[in-house]
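In the numbering used here, the protein residues as written are 176 to 447. Heads up, the beta-carbon is just placed ideally off N, CA and C, and yes, glycines get one too. Taking it in order: structure first as structure tokens, then the write-up.
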Ligand code: KIV
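See the structure below:
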């Protein structure tokens with residue numbers, strides 16, 4: 176059996192903490208629909224993130240801000256129907272948790288009830304502490320997200336590396352400790368210096384999963400469509416492309432067009 180699939184029949188939030196304790200790295204990828212989720216789950220990925228990056232990848236928006244709670248629930252429900260083993264974490268979208276803890280809880284409950292997801296992820300630190308606590312008190316597992324938090328892109332102004340200066344790095348470290356203290360089961364660190372990410376991972380007992388945060392953390396996450404090379408205009412240093420699906424799909428579809436035009440498709444065996 177492959178390393179990725181060993182031992183765990185079904186991944187839970189407790190499994191992830193055990194993995195960190197045992198020094199086993201955690202694999203996480205995004206998925207936004209049934210078909211892709213089935214492949215990702217079948218390949219042994221530990222955590223599937225129904226990320227609000229669906230706003231960019233699936234809907235073509237420039238940022239993650241426009242995606243709605245209803246749309247996130249739609250994506251997550253398809254993913255949940257596909258999986259047998261992976262833990263499914265669903266992003267709370269921009270505007271569904273920032274205004275007050277009661278609204279945050281209502282949004283998280285809708286995700287859990289209507290999609291069947293197993294946990295939610297929220298971006299931010301002490302500013303949203305009360306919202307996270309409220310959700311946790313309802314028995315809903317929460318994954319934190321610090322560093323580059325794309326829902327705040329208009330505050331940052333760019334998608335560049337975060338927490339390079341001491342002040343922001345110190346706040347990030349405090350926020351990570353706070354997220355652990357109040358009961359989050361894991362934290363995503365996005366696009367921060369590798370040394371800082373390792374320091375954070377070593378300072379908490381919950382798993383820290385990085386994207387553009389180096390190798391000293393407890394696991395890695397990538398956007399599925401980026402690592403498969405379906406998107407091709409996005410070249411951050413942290414992204415490893417395992418395939419060039421954009422080109423392969425383009426070739427296959429061009430061939431289909433040619434076959435249709437040349438009356439080559441369907442042939443005698445492909446009709447009734
Ligand atoms: O929405 C998303 O895909 C994410 C990952 C980049 C961590 O939050």
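Boundaries of the alpha helix (DSSP H) in which residue 306 is found, first to last residue: For the purposes of this step, residue 306 is identified with residue 131 of the chain shown, where counting begins at 1. First-last of the alpha helix (DSSP H) with residue 306: 304 to 312.
Supposed close pair residue 352, residue 309 - CB separation, criterion 8 Å: By one-based count along the chain shown, residue 352 stands at place 177. By one-based count along the chain shown, residue 309 stands at place 134. That pair is no contact at about 20 Å.
Between the alpha carbons of residue 324 and residue 435, how many angstroms are there, rounded? The residue given as residue 324 occupies position 149 in the chain shown. The residue given as residue 435 occupies position 260 in the chain shown. Each residue's alpha carbon lies about 46 Å from the other.
Using only the heavy atoms of the ligand KIV, determine whether one of them is closer than 7 Å to the beta carbon of residue 228. The residue you call residue 228 lines up with position 53 of the chain shown. Between the ligand KIV and residue 228, a heavy atom-to-CB distance of less than 7 Å is present.
DSSP on residue 320, reduced to helix/strand/coil? Here residue 320 refers to the residue found at position 145 when the chain shown is read from its first residue. If DSSP states are grouped into helix, strand and coil, residue 320 belongs with the strands.
Any chance the CB of residue 223 is under 7 Å from a heavy atom of the ligand KIV? Here residue 223 refers to the residue found at position 48 when the chain shown is read from its first residue. Outside the cutoff, so no.
Any chance you could list the beta strand (DSSP E) runs of at least 3 consecutive residues sitting entirely within the stretch 333 to 409, in chain order? Look at the stretch 333 to 409 and you find these whole runs of beta strand (DSSP E), each 3 residues long or longer: 361 to 365, 383 to 386, 394 to 397.
So who's on the other strand from residue 229, going by DSSP bridges? Taking the chain shown and counting its residues from 1, one reaches residue 229 at position 54. The partner list for residue 229 (beta bridge, DSSP) is empty, contrary to what the question assumes.
C-alpha gap between residue 418 and residue 237, whole angstroms: As a position in the chain shown, residue 418 is number 243, starting the count at 1. As a position in the chain shown, residue 237 is number 62, starting the count at 1. If you take the alpha carbons of residue 418 and residue 237, they lie about 24 Å apart.
My output table needs one value for residue 218: the three-state DSSP class, helix, strand or coil. The residue you call residue 218 lines up with position 43 of the chain shown. Judged by DSSP in its simplified three-state form, residue 218 adopts coil rather than helix or strand.
Nearest-angstrom Cα distance between residue 287 and residue 331? As a working mapping, residue 287 is identified with position 112 in the chain shown. As a working mapping, residue 331 is identified with position 156 in the chain shown. Each residue's alpha carbon lies about 31 Å from the other.
Specify the secondary structure class of residue 208 as computed by DSSP and reduced to three states. In the chain shown, the residue the question calls residue 208 occupies position 33. Correct three-state label for residue 208: coil.
Starting from residue 296 and walking both ways along the beta strand (DSSP E), at which residues does that stretch end? Position 121 of the chain shown, counting from 1, holds the residue named residue 296. In the DSSP annotation of this structure, the continuous segment of the beta strand (DSSP E) that includes residue 296 starts and ends at 294 to 296.
Beta-carbon spacing of residue 391, residue 364 below 8 Å: Position 216 of the chain shown, counted from the start, is the residue given in the question as residue 391. Position 189 of the chain shown, counted from the start, is the residue given in the question as residue 364. Contact flag unset, no.
What span of residues does the beta strand (DSSP E) with residue 266 cover, start to end? Along the chain shown, read from residue 1 onward, the residue named residue 266 stands at position 91. Run containing residue 266: 262 to 266, per the beta strand (DSSP E) assignment.
Just to check, is the beta-carbon of residue 393 closer than 7 Å to a non-hydrogen atom of the ligand ADP? With respect to small molecules bound, the structure shown includes the ligand KIV and not the ligand ADP.
Among the residues of its own chain, which have a CB less than 8 Å from the CB of residue 336, if the five just before and after it don't count? Taking the chain shown and counting its residues from 1, the one referred to as residue 336 is at position 161. Cβ neighbours of residue 336 beyond the five flanking positions: 323, 366, 367, 368, 387.
Segment contact, 8 Å Cβ cut-off, at least three pairs: the stretch 210 to 217 with the stretch 252 to 260: Taking 8 Å as the limit for Cβ pairs, the verdict is that the stretch 252 to 260 does touch the stretch 210 to 217.
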